[in-house]
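Undergrad: First the structure, then my questions, so here it is.
Numbering (mature numbering (1 follows the signal peptide of the UniProt record, and there is no 0)), first residue to last: -27 to -1, 1 to 301.
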């Protein structure tokens, strides 16, 4: 199965949007500053670089990107109203939407960036995880749920693994490097960090399992895992007409720059994400970055939601989100 091509699709989507709706690039200036929140992970590099290069100058006198550090901070920021435009895990967005929070999905910003990493070259399949110790960040959140679903598809009992829970991906990297876990379930850029730090210590790290490829086997759609994307709160959207469309166009226009010049994008994003620029730059080609309107890949979203619900229905709020979930 062919790998998803974020560059071609994202450029086409952004270009068509700008041609068909040029007014979105000239949305009325906002009365307040523009803040985009996101995790310290691949999709946020696009937003942070867009801010750094002034892509939102026509929308707000001040634009900023701020990283949220864990799912608890994300949920608190959304429910309190502090976070209005935010890059979120898609299943978390579906959960909150189905629970009545006015949160709508604008786009997908990655088609999957999870890998199972190990120093053991013989641990090269999901089936071989049985009996192994696995470092896993964010208990009961996206990485945990994805791993559980992949284990189920491979017929590997969850209780056959020894899970070493970590508060963050960076902590999971440390557990792996210090030998307290035989493997780790990591998103980018933590996967690249593990590889680079292992090399510095004279070790070799292997990407044992590509979770995107495993996900493609489950859904039948190929390695398309729209794991995270930009979401908007309804109150902000109503108060700022045209801004969501303008932000989408700016992000779509920024993506080709991120992919073609990852070093420059990494320098832009490094302070905001709190991660070294060389790690971010090396992670970009492995992060399946995209800026694709959510409704354009609704089948991929729904395939992911259905697969997640098979092991944890509560993770999406007990049902597929309806039409109102898809903002663009």
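All residues carry an ideal CB built from backbone N, CA and C; glycine is no exception.
#1: Where DSSP assigns a beta bridge to residue 107, which residues make up the other side?
#2: Counting pairs of beta carbons, one from the stretch 120 to 139 and one from the stretch 187 to 207, are three or more of them closer than 8 Å?
#3: Would you be able to state if there are at least three C-beta pairs under 8 Å between the stretch 46 to 57 and the stretch 265 to 273?
#4: Take residue 234 as the anchor and find which of 250, 222, 220 and 245 has the nearest alpha-carbon.
#5: For residue 69, which of helix, strand or coil comes out of DSSP?
#6: Once DSSP output is grouped into helix, strand and coil, what is the label at residue 55?
#7: Can you look up residue 202 in the DSSP assignment and give me helix, strand or coil?
#8: In this structure, what does DSSP give as the bridge partners for residue 37?
#9: If you check the beta carbons only, do residue 61 and residue 204 fall under 7 Å apart?
#10: Let me check understanding here. Comparing Cα to Cα, which of 35, 55, 30 and 158 lies closest to residue 117?
#11: Alpha carbon to alpha carbon, how far is residue 19 from residue 299? Give it in angstroms, no decimals.
#12: Could you compute how far the alpha carbon of residue 216 sits from the alpha carbon of residue 84?
#13: Which of the three DSSP states is assigned to residue 62 in this structure?
#14: Output needed for residue 290: all residues of its chain with C-beta closer than 8 Å, excluding positions within five of it in sequence on either side, in chain order.
TA: Inspection of the coordinates gives the following:
#1: 136 and 156
#2: The stretch 120 to 139 is in contact with the stretch 187 to 207.
#3: In this structure the stretch 265 to 273 does not touch the stretch 46 to 57; the number of beta carbon pairs closer than 8 Å is below three.
#4: 250
#5: If DSSP states are grouped into helix, strand and coil, residue 69 belongs with the helices.
#6: coil
#7: Residue 202: strand per DSSP, three-state reduction.
#8: 8
#9: At the C-beta level, residue 61 and residue 204 come within 7 Å of one another.
#10: 158
#11: Using only the alpha carbons, I get a separation of about 21 Å.
#12: 24 Å
#13: strand
#14: If the five residues before and after residue 290 are omitted, its C-beta is found closer than 8 Å to the C-beta atoms of 67, 68, 69, 70, 71 and 72, all from its own chain and listed in chain order.
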